[in-house]
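Following: one structure in structure tokens, then a few remarks.
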Amino acid sequence: MVEATTISPKFECRNPREIRNPSRDGLWSALGFEPPAASHCMSERENIFGRIREALRLTAPQPGLHDAAPRSGKRVTDLLPAVGRSFDENVALFHKNAVELKAEFRLLSSAEELRVTLANLRDADGWTRAASHSGQLTDAACQALGLPVLLTDTAFDKIELEKCPVGITECDALVAQTGSVVVTNRSAGGRALSVLPPHHVVLARRDQLVAGLPEAFALLKARYGADYPSMLSFITGPSRTGDIERILVLGAHGPKKLTIFCL
Amino acid sequence: MTVTLFIPCFIDLFYPQVGVAMVKILEKLGHRVACPEAPACCGQPAFNTGYWHESRAVAAKVLEQFKDAEVIVIASGSCGAMMKVFYPDLFAGTPHAQLAKTVSAKCYEFSQFLVEKLGVTDLGARFPHKVTYHDGCHSLREMHIHDAPRKLMASVRGLELIEMQQAVCCGFGGTFSAKFPMISTAMGEVKCDLALDTTAEYIVSSDSSCLMHIQGLIDRQRKPLKTLHLAEILAPS
Amino acid sequence: MSTAAVQFKRDARRLSADRRHREIINTALNKYAVKRDEKKALFQDWEGARQLAAEIKWEAVNHLDRYLEQFVRGLEARGTQVHWASTAQQARDLIVGIARSRNARSIVKSKAMTAEEIHLNEALEKAGFEVVESDLGEFIVQLREEAPYHIVFPAMHLTRGEIRETFEKKLHDAPSDEPEELTMVARRVLRQKYLQADVGITGANFAVAETGMISITENEGNARLTAALPKTMITLLGIEKVIPRLEDLALLLPMLATVGAGQLISGYNTMYGGPRQAGETDGPEEFHVVLLDHNRTALLADAEQRDSLHCIRCGACLNVCPIYRNVGGHTYGTTYPGPIGGVITPNLRGLQDWKHLSYASSLCGACTEACPVKIDLAHHLLQNRRNASQQKPSLWQKIAFKLFAPVANCRVLWILVTKLGRLGQKLHPLVLGKPFDPAYVWTKTRDLPPVAQQSFKEWWRQRP
Chain A
1 MVEATTISPK FECRNPREIR NPSRDGLWSA LGFEPPAASH CMSERENIFG
51 RIREALRLTA PQPGLHDAAP RSGKRVTDLL PAVGRSFDEN VALFHKNAVE
101 LKAEFRLLSS AEELRVTLAN LRDADGWTRA ASHSGQLTDA ACQALGLPVL
151 LTDTAFDKIE LEKCPVGITE CDALVAQTGS VVVTNRSAGG RALSVLPPHH
201 VVLARRDQLV AGLPEAFALL KARYGADYPS MLSFITGPSR TGDIERILVL
251 GAHGPKKLTI FCL
Chain B
1 MTVTLFIPCF IDLFYPQVGV AMVKILEKLG HRVACPEAPA CCGQPAFNTG
51 YWHESRAVAA KVLEQFKDAE VIVIASGSCG AMMKVFYPDL FAGTPHAQLA
101 KTVSAKCYEF SQFLVEKLGV TDLGARFPHK VTYHDGCHSL REMHIHDAPR
151 KLMASVRGLE LIEMQQAVCC GFGGTFSAKF PMISTAMGEV KCDLALDTTA
201 EYIVSSDSSC LMHIQGLIDR QRKPLKTLHL AEILAPS
Chain C
1 MSTAAVQFKR DARRLSADRR HREIINTALN KYAVKRDEKK ALFQDWEGAR
51 QLAAEIKWEA VNHLDRYLEQ FVRGLEARGT QVHWASTAQQ ARDLIVGIAR
101 SRNARSIVKS KAMTAEEIHL NEALEKAGFE VVESDLGEFI VQLREEAPYH
151 IVFPAMHLTR GEIRETFEKK LHDAPSDEPE ELTMVARRVL RQKYLQADVG
201 ITGANFAVAE TGMISITENE GNARLTAALP KTMITLLGIE KVIPRLEDLA
251 LLLPMLATVG AGQLISGYNT MYGGPRQAGE TDGPEEFHVV LLDHNRTALL
301 ADAEQRDSLH CIRCGACLNV CPIYRNVGGH TYGTTYPGPI GGVITPNLRG
351 LQDWKHLSYA SSLCGACTEA CPVKIDLAHH LLQNRRNASQ QKPSLWQKIA
401 FKLFAPVANC RVLWILVTKL GRLGQKLHPL VLGKPFDPAY VWTKTRDLPP
451 VAQQSFKEWW RQRP
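In order, the protein sequence lines correspond to chains A, B and C. Using the numbering used here, you'd call the opening residue of the first sequence number 1 and step up by one each time. Using the numbering used here, you'd call the opening residue of the second sequence number 1 and step up by one each time. Using the numbering used here, you'd call the opening residue of the third sequence number 1 and step up by one each time.
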């Protein structure tokens, strides 16, 4: 616990507050002020900031004082789970994580192999149409599929998107540490494309693999820092729930299948 | 050295053999034992209930009686936590503030004292039984005692220690056991189930207050378990 | 005792004795504990991570004005409309107002404890909107008209059979009690709701000051859909959710997932900074963020307990609390159960009315140990007890403790107590187990130990 000297006023002398009625007027009275007259939104902002500044005039105890562990001074990278030191190690780590999460991950050696793999997938799953966005990898993929494609680069009907069995997107990064795919609405064709269709296929390049979460956030900052897209998302595995008896079920709302192809 | 023992109320009245065992162990190790007649209580019940002023009335007597002690050994982890960890907070901003810190610095729980201060782990004891160990919550999480009792038990001949699956509160919690008896009982039952799962014959602890509650349940529900304080196992016969 | 205290004691008494309930909760939480420990072990330095996480939240909360201002500036720069609510009523009015101004009829919601806190759903329904919870667990308890049982696992207390019955009754669609099939039923129903909804309401786990974004953590993808499809998006969050930098999420997201659900990271962690921007082809036309105080500034003013605002709502403390594990989430009768609930509820809703939650703890400290942001939970419970007793002492307890002091401190009086204790114990069998037994609270379920024939002090006194 805490020494009284770091807090003012001291334990015994404090006036305990009774928050009887969590209304604004009650709160004002409790703090010893006359409740102000009815105010508009801007004034509410000022009220809140006023209370915050008043509250912060007292210093709180330093964090973790009550807990034995000392400041480690380590960087986040040294606290989080270990990552690989080479591309091969990180690819293996990503693969391991992805599989554990029930996502499919394939490292492909050529554009041709991607074309063949996609065509096989199309036939195996019986796709009659697809949804995607414009991009170097996705353009080639859509061409290879030879199916009608709903592109989200221009205005589209979400009802039509809902009918597509697969959404094919690119991404910003793959994170080895967690098996995550990093997308934004700029790199992956909007907000809905990567989450509405029941199968999400991600096309990535080898140079997009990063070791850990700190690197992924640094990448986003470097790439978009001047002008962020309105959505950044870390996707880890297909959609899942354990809400019924803690039994894992995939495809609760988002995609039931997540397939990641890395060229 | 001269070891000043603090014997809490429940040990005095219900489990004097625990205090006797501690005196015998310390004297066998060549130390002189002192034990002030009063007070009988560290002040924790009032403190835990929020009546700090009334708690201070009791705790101040402890400070007074123990202020000149060379070292203070407390026969219970929960009272130990009160004196070592909470006395400085209880007396902060009062005239006793400095004394509370001084006394606190001299406090040890019994098993902690043997192992960490005296460096003793082998008392030549023998207890050929299967045993599981209950860590009192204040011992474990306020005083950070975990290894000391285990080191002591490792040297007891014939003793087989089997750990419970989880280190969970037994449900005593002092006044909690009286304020919320049904929750307290349920927690005690969970504890007994964990102990039974280990197939141990004895639940051993450094906290007689916990054992009082567990034994009370064992007796009422006629469970095939017995409780014992660690000092009783270590004492020379 | 307050009404809330009476209800708590009554429910706690009933559920503590309910072995089936105990079994269900413990099975669920033991499964979680295995996964949590696995993921904790993956961290190179879990304790170091806790310390850094505590420092990050400390920095944010103790400079709340600065970071909140930065957060709002970033949001507004991208066209987000930011609203401020000091009270629950104001927040409800604001959100109803936004929905009305957008001519909404149906609203889809993703999980938001803050919305529970202000009873948003009732207000929206009263105002004539259809509100659908999209998180599966919340969806189930909404159908059952129950409160969520746990802040992370709302339907933890239900068996598949009970859920099947609910779906049969309310949706007329329950092919079996297989979790997979039940989930698909919910998916089918909710998919249509996403597509039709005019307004999507979400909560937020974090508010990133540096980049002006909210961050939402989930596994199902329902929040992603809520933020993608409806024309209007409203996010409600408490002012204390602020963190300084985007990169702080690199630490906080895996910690939240590890202790919250036993996962290294949750399925979807998404940051939103504004409505649909120029050049974007989907997303809400309007994005509103409602910032809620609701007595958080009062907690902030209590410097001793300010760290309770560090809470990232992970549920770790609930999961280890032996009281929670025995009485369950509904018993508390509040939005936030368990240890964190015991700490903040008396301060947010009334100390005298809710102090029983701070007393309903054995102070075992497992919560303090489990908290990823190092909130000093167990000690705050003690402080609440102190504050409540100082403010309104209970006469009989005060007298009892006052009388105890001289008895405990005086050699002669203690000798008397020892002798009386032995006598009392001889007479005790006459009243044992009966309601007027003075030790009834103990003897109802437990035997009392015998007072020793010779107390320690008596033995000590007669030594040479």
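A virtual CB, placed ideally from N, CA and C, is assigned to each residue, including glycine. As the structure is a prediction and not an experimental result, all values here were calculated from the model.
Which two residues bound the contiguous beta strand (DSSP E) that contains residue i?
i: B:Tyr133; result: 130-134
i: C:Tyr272; result: 268-272
i: C:Ala85; result: 81-85
i: B:Lys226; result: 226-229
i: B:Arg32; result: 32-34
i: B:Ala38; result: B:Ala38 -> no beta strand (DSSP E), and no H or E assigned at all.
i: B:Cys210; result: No beta strand (DSSP E) holds B:Cys210; the alpha helix (DSSP H) holding it covers 208-221.
i: A:Lys257; result: 257-262
Determine the contact status of residue i and residue j, defining contact as a CB-CB distance below 8 Å.
i: A:Ser194; j: C:Arg276; result: no
i: B:Gly77; j: B:Asp219; result: no
i: C:His150; j: C:Leu318; result: yes
i: C:Glu218; j: C:Leu136; result: no
i: C:Asp65; j: A:Arg53; result: yes
i: A:Gly242; j: A:Thr77; result: no
i: A:Leu275; j: A:Gly225; result: What is shown of chain A runs 1 to 263, which leaves residue 275 of chain A out entirely.
i: A:Leu118; j: A:Cys262; result: no
i: A:Leu203; j: A:Thr138; result: yes
i: A:His253; j: C:Arg188; result: no
i: C:Leu195; j: C:Leu229; result: yes
i: B:Cys79; j: B:Ala40; result: no
i: B:Cys169; j: C:Pro449; result: no
i: C:Ala88; j: C:His294; result: yes
i: B:Val103; j: B:Ile74; result: no
i: B:Val58; j: C:Ala360; result: no
i: C:Phe8; j: C:Tyr332; result: yes
i: A:Leu209; j: A:Phe105; result: no
So, under 8 Å CB-CB, residue i and residue j are touching, yes? Tell me the CB distance rounded to an integer number of Å.
i: B:Leu90; j: B:Arg141; result: Not quite, the Cβ-Cβ distance comes to about 18 Å (not below 8 Å), so this is no contact.
i: B:Phe176; j: C:Ser16; result: Their Cβ separation, rounded to whole angstroms, is 13 Å, which puts B:Phe176 and C:Ser16 out of contact at 8 Å.
i: C:Leu124; j: C:Val132; result: At roughly 11 Å, the Cβ-Cβ gap does not stay under 8 Å, so C:Leu124 and C:Val132 are not in contact.
i: B:Lys67; j: B:Leu99; result: 6 Å
i: C:Leu309; j: C:Leu299; result: 6 Å
i: B:Ala34; j: B:Thr4; result: 5 Å
i: C:Ile214; j: C:Leu236; result: Wrong, their Cβ atoms sit about 10 Å apart, outside the cutoff.
At what residues does the alpha helix (DSSP H) containing residue i begin and finish?
i: C:Ser358; result: 351-359
i: B:Leu187; result: The question names Leu, yet the displayed sequence has Met at residue 187 of chain B. Counting along the chain, the alpha helix (DSSP H) containing B:Met187 begins and ends at 181-197.
i: C:His288; result: Looking at the DSSP string, C:His288 is not in any alpha helix (DSSP H); the run it does join, the beta strand (DSSP E), is 286-292.
i: C:Tyr324; result: 322-327
i: C:Ser2; result: It is not in any alpha helix (DSSP H) - C:Ser2 carries neither H nor E in the DSSP assignment.
i: B:Thr49; result: 44-49
Is the beta carbon of residue i within less than 7 Å of some heavy atom of the ligand MN?
i: C:Gly238; result: What this structure holds is no ligand at all, so the ligand MN is not there to describe.
| query | Contact between the stretch 186-205 of chain C and the stretch 94-112 of chain C: three or more CB pairs below 8 Å? | reply | Segments in contact, yes.
| query | Unbroken alpha helix (DSSP H) runs of length 4 or more, entirely within the stretch 99-187 of chain C: which are they? | reply | 113-117, 120-126, 136-143, 160-171
| message | Three or more C-beta pairs under 8 Å: does that hold for the stretch 332-350 of chain C against the stretch 106-114 of chain B? | response | Fewer than three Cβ pairs drawn from the stretch 332-350 of chain C and the stretch 106-114 of chain B lie within less than 8 Å of each other, which leaves the two stretches out of contact.
| query | Given 8 Å as the limit, is there contact between the stretch 388-405 of chain C and the stretch 194-203 of chain B, that is, 3 or more CB pairs closer than that? | reply | no
| Within the chosen definition, does the stretch 33-41 of chain C reach the stretch 258-278 of chain C through at least 3 CB pairs nearer than 8 Å? | yes
| field | Runs of beta strand (DSSP E) lying entirely within the stretch 58-116 of chain B, each at least 3 residues, in chain order | value | 71-74, 107-109
| Which runs of the alpha helix (DSSP H) spanning at least 4 residues fall entirely within the stretch 57-136 of chain A, listed in chain order? | 76-79, 87-100, 111-125
| What are the uninterrupted segments assigned as beta strand (DSSP E) that are 3 or more residues long and contained completely in the stretch 151-188 of chain A, given in chain order? | 166-169, 173-175, 180-184
| message | Suppose only complete runs of 4+ residues qualify. What are the alpha helix (DSSP H) ranges in the stretch 194-237 of chain C, listed by chain order? | response | DSSP runs (the alpha helix (DSSP H)) wholly in the stretch 194-237 of chain C: 222-228.
| message | Runs of 4 residues minimum, wholly inside the stretch 433-457 of chain C: which ones carry the alpha helix (DSSP H) assignment? | response | Correct list: 440-443.
| query | With a cut-off of 8 Å, do at least 3 Cβ pairs link the stretch 108-122 of chain A to the stretch 11-19 of chain B? | reply | A contact between stretches requires three or more CB pairs, one per stretch, nearer than 8 Å, and the stretch 108-122 of chain A fails this requirement with the stretch 11-19 of chain B.
| What residue ranges within the stretch 178-241 of chain A form continuous alpha helix (DSSP H) runs of no fewer than 4 residues, ordered along the chain? | 213-224
| query | Touching or not, the stretch 79-94 of chain A and the stretch 89-104 of chain C, by the rule of three or more beta carbon pairs under 8 Å? | reply | no
| message | Does the stretch 91-102 of chain A come into contact with the stretch 238-247 of chain C, if we say contact requires no fewer than three beta-carbon pairs (one atom in each stretch) closer than 8 Å? | response | No, they do not touch.
| said: Whether or not the stretch 301-315 of chain C and the stretch 176-186 of chain A are in contact is what I'm after, with contact meaning three or more pairs of Cβ atoms, one per stretch, closer than 8 Å; do they touch? | reply: no
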